Amino acid sequence: MTLIIDDLLFRPFVSILDIIHATAVQELYDVEALQADLKENQLLYELGERSQEEYERRKAELEADLDAAEAAREQLRSKQLEVRG
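The sequence shown begins at 17 in our numbering and counts up by one.
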């Protein structure tokens, strides 16, 4: 009996926390923004406003971030994302 009452009382809060968590992960790991940053980096390099060294360094950073973002998004879809501090 106690478990049913606990479920009824706490389930809405757990659902709200799941929604907040999913929203935070999506904002933190914004795949579309990272893809746009990669395109901007390429454009700045092609226009001569960024050196090859800076372009390659930034590209490597963005690609690593993009890989992490895509992995986080996939884990979120499969409900396996853990928050680690």
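Note that the Cβ used here is the ideal one computed from N, Cα and C, for glycine as well. Keep in mind it's a predicted model, so treat the numbers as computed, not measured.
Residue i, buried or exposed, once every other Cβ within 10 Å from all chains shown has been counted against 16
i, result
"G101", "With a pLDDT of 45 at G101, under the threshold of 50, the modelled position of that residue is not reliable, and no figure is offered here."
"R27", "exposed"
"R73", "exposed"
Proximity winner among the options, relative to residue i (alpha-carbon distances)
i, options, result
"L78", "L54, S94 and Q91", "L54"
Supposed close pair residue i, residue j - CB separation, criterion 8 Å
i, j, result
"R89", "Y61", "That belief does not hold up - the Cβ atoms of R89 and Y61 are roughly 27 Å apart, past 8 Å."
"L82", "L59", "Not a contact, Cβ separation roughly 17 Å."
Cβ pair residue i, residue j closer than 8 Å
i, j, result
"A52", "L92", "no"
"V47", "A80", "no"
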